[in-house]
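Please read the structure below before turning to the comments.
Number of protein chains: 4
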Amino acid sequence: MGSPPDSAFAHDIRVTWGDCDPAKIAYTGRLPWFALDAINAWWERHLGGDGWFQMELDRNMGTPFVRIEMDFKRPVTPRHVLRCYVWPIRLGETSITFQVDAYQDGKLGFTGKFTNVFTVADQFRKQRPPEDIRALIEPLIAQAGA
Amino acid sequence: MGSPPDSAFAHDIRVTWGDCDPAKIAYTGRLPWFALDAINAWWERHLGGDGWFQMELDRNMGTPFVRIEMDFKRPVTPRHVLRCYVWPIRLGETSITFQVDAYQDGKLGFTGKFTNVFTVADQFRKQRPPEDIRALIEPLIAQAGA
Amino acid sequence: MGSPPDSAFAHDIRVTWGDCDPAKIAYTGRLPWFALDAINAWWERHLGGDGWFQMELDRNMGTPFVRIEMDFKRPVTPRHVLRCYVWPIRLGETSITFQVDAYQDGKLGFTGKFTNVFTVADQFRKQRPPEDIRALIEPLIAQAGA
Amino acid sequence: MGSPPDSAFAHDIRVTWGDCDPAKIAYTGRLPWFALDAINAWWERHLGGDGWFQMELDRNMGTPFVRIEMDFKRPVTPRHVLRCYVWPIRLGETSITFQVDAYQDGKLGFTGKFTNVFTVADQFRKQRPPEDIRALIEPLIAQAGA
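Protein chains in written order, with the working numbering: chain A, 2 to 147; chain B, 2 to 147; chain C, 2 to 147; chain D, 2 to 147.
In structure tokens:
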């Protein structure tokens, strides 16, 4: 499976009682939510604090999801912080794919791939990403693949 | 993509304001939750009212998820009921895979595949499914594939 | 505490595994969500299918919450449907207060009061409720108090 | 309303796109969840890292909620961190009441009071809090009231 690349962004999530189900582990329905939080935090880190909220409202750029896939390797619990590594692995003409690997206590909890398309937010119409976004992402993909 | 088989179970979800994000569509993080609700309802239907809660507590059988994948085809909104069709598509030695296709107003909103393993709940240890479960599921898979 | 008035609207919620925490009961954080779902359903019932989503987008009327209070009487579990009775108990100049009493198996799980203000949605500015809304609600309050 | 006491614990929450509804503000149903996260974090801070999860599983002490009340003063948005101040305001024979005041950009978003009872977790039976818990909380209440 390999490790996250050095350029991956790390986002820490506090897993709590309220995230857990009666099996005493985080409910599966919460795990995609955690991964999405991590991807949103990746944007905040790389766009000067702007996450999906600011991207949509201030930049008129949407990134709706078209596909997610996740493999769950170990139960996630409140015993440790959930460290989510996020990095882009593919930039298409109008889409981007992120990988999110989430660790607790050094062990992989889940790994997933998430694909978004870029849209003109107020028209919900596909678009190519702005040049500054492309310029930001391409080197990160190159670094990750190296 | 095809239609759900006739033997698919239909579970209706009321999508509401609180499920939606500022793009005025259901937040992506809610969609796996909806699919899981539908799978839980599938069990309730086929096990005399017992869903995951009763399966774990009364039958000591867990079915943790090991993989999910979902393709999002159209935004989900509160304008229509979200009708989720659920059916098993594969029964392995110790695992089961469900397909969930969710429609609004007759159009496919998302489609996904979800794999669980059967466990002894109080030991969190993989097991083969009980014979009555196997006897229940195998004909459904045969019907779906026909 | 008394019973809900005959004119109260009943909204049923399926409580599931994913709503529960490791104490094997619905997580407290889910219970206000359930009550809100019931209030939204009350509007749908009384406005020809329009809930908060349609009220905001189609009628330009918002009803943000200014206060909630809830008393939890018994744990809520997936063993029974959660029947939520909803009815208005007060209509102010620009506000409305609902009571929500939630029962499982005939026993009160929680009771709460929820106050919203009426707003012009796209201006987030307080307003008096439209006359048709007032005409709808006043008799219901009279019936409830009778 | 006053300010939080100096001894109040501050817990920061990142409000995101997924927490918001189509009115572009955090959905009301999320706000009690935030307050609960802050109370859980208060316990973690004061019990050497143990939150509700560890309290229940490792200490066999539950603290189920019997009452919540919240007043919403200003919309909560992703534009600023949500800083939640938490402090105990009353310790009864078998109960504790916390106040949570949540600020964004220096302005009060909501204020709430939350009452829990202490229980023997595995028996779901009321109990007096252990002496070390009482010894921890009493001075904090005295400081807050000073």
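Each residue gets a CB set at the ideal place from its N, CA and C atoms; glycine is no exception.
| query | result |
| --- | --- |
| Which chain D residues are close to B/D22, counting only those with a beta carbon under 8 Å from its beta carbon? | W18, G19, C21, D22 and P23 |
| Taking Cβ positions only, does C/G30 come closer than 8 Å to chain B? | no |
| Is it buried or exposed for B/R31, if we count other Cβ within 10 angstroms and need 16 for buried? | buried |
| Short check: CB of C/P23 to CB of C/W88, under 8 Å? | no |
| Taking three-plus beta-carbon pairs below 8 Å as touching, is the region 49-57 of chain A in contact with the region 35-50 of chain C? | no |
| Quick check on DSSP: helix, strand or coil for C/R47? | The displayed chain sequence assigns His, not Arg, to residue 47 of chain C. C/H47 falls in the helix class under three-state DSSP. |
| When you compare the CB positions of D/C85 and D/A27, do they come within less than 8 Å of one another, or not? | no |
| B/V101: which of B/T95, B/E94 and B/L109 sits nearest, CA to CA? | B/L109 |
| Interface residues of chain D around A/W53 at Cβ under 9 Å? | T17, W18, G19 and P79 |
| Give the single residue among D/E94, D/R68 and D/D20 whose Cα lies nearest to the Cα of D/R80. | D/D20 |
| With burial defined as no fewer than 16 other Cβ atoms inside 10 Å of the residue's Cβ, what is the status of D/E57: buried or exposed? | buried |
| Can you find the residues in the same chain that come closer than 7 Å, C-beta to C-beta, to D/N41, ignoring five residues on each side of it along the sequence? | G52 and W53 |
| Between A/R68 and chain B, is the shortest Cβ-Cβ distance under 8 Å, so that the two count as touching? | yes |
| Out of B/F115, B/D59, B/I90 and B/F99, which one is the CA nearest neighbour of B/I69? | B/F115 |
| Contact criterion: CB-CB distance below 8 Å. Does C/W44 meet it with respect to chain D? | no |
| Got a sec, what are the start and stop residues for the beta strand (DSSP E) A/Q100 sits in? | S96 to Q105 |
| Which first and last residues belong to the beta strand (DSSP E) in which A/D13 is found? | F10 to I14 |
| Alpha carbon to alpha carbon, what distance is there between A/D106 and A/T29? | 19 Å |
| For a contact defined as C-beta to C-beta under 8 Å, what are the partners of A/W88 on chain D? | Ordered by position in chain D, no residue passes the 8 Å Cβ test against A/W88, which lies about 19 Å from the chain. |
| Does C/L37 get closer than 8 Å to chain B when you measure Cβ to Cβ? | yes |
| What first and last residue would you give for the alpha helix (DSSP H) that runs through B/D72? | Run containing B/D72: none in the alpha helix (DSSP H); it sits in the beta strand (DSSP E), F66 to F73. |
| Taking the alpha carbon of A/G63 as the reference point, which residue from A/Q128, A/G146 and A/A143 has its own alpha carbon closest? | A/Q128 |
| Give the residues of chain E in contact with B/N117, contact being defined as C-beta atoms less than 7 Å apart. | Among the protein chains of the structure shown, namely A, B, C and D, there is no chain E. |
| Consider the Cβ of D/G63: report whether some Cβ of chain C lies at a distance smaller than 8 Å. | yes |
| Using a Cβ-Cβ cut-off of 8 Å, state whether C/M56 counts as contacting chain D. | no |
| Quick one: Cα of B/D7 to Cα of B/A145, how far? | 7 Å |
| Can you tell me whether A/T112 is buried or exposed? The criterion is at least 16 other CB atoms within 10 Å of its CB, across all chains shown. | buried |
| Using a Cβ-Cβ cutoff of less than 8 Å, which residues in the same chain neighbour B/V67 once the five nearest sequence positions on both sides are dropped? | S96, T116, N117 and V118 |
| Output needed for D/M71: all residues of its chain with C-beta closer than 6 Å, excluding positions within five of it in sequence on either side, in chain order. | F111 and G113 |
| Measure the beta-carbon distance from D/L83 to D/V16 and round it to whole angstroms, keeping in mind my assumption that it falls under 8 Å. | 5 Å |
| Note down the Cα distance separating C/A11 from D/F125, rounded to an integer number of angstroms. | 29 Å |
| Give the straight-line distance between the Cα atoms of B/N61 and C/I138, rounded to the nearest whole angstrom. | 49 Å |
| Pull up the distance between the alpha-carbon of B/P65 and that of A/F73, whole angstroms please. | 9 Å |
| Kindly indicate which residue of D/I14, D/A9, D/D59 and D/E132 has the alpha-carbon position closest to the one of D/W43. | D/A9 |
| If contacts are defined as beta-carbon pairs under 8 Å, then D/I142 and D/I90 qualify, I think. What distance do you get, rounded to the angstrom? | 7 Å |
| Below 9 Å on C-beta distance, what does B/D102 contact in chain A? | Going along chain A, no residue has its Cβ under 9 Å from B/D102, so there is no contact; the nearest lies around 15 Å. |
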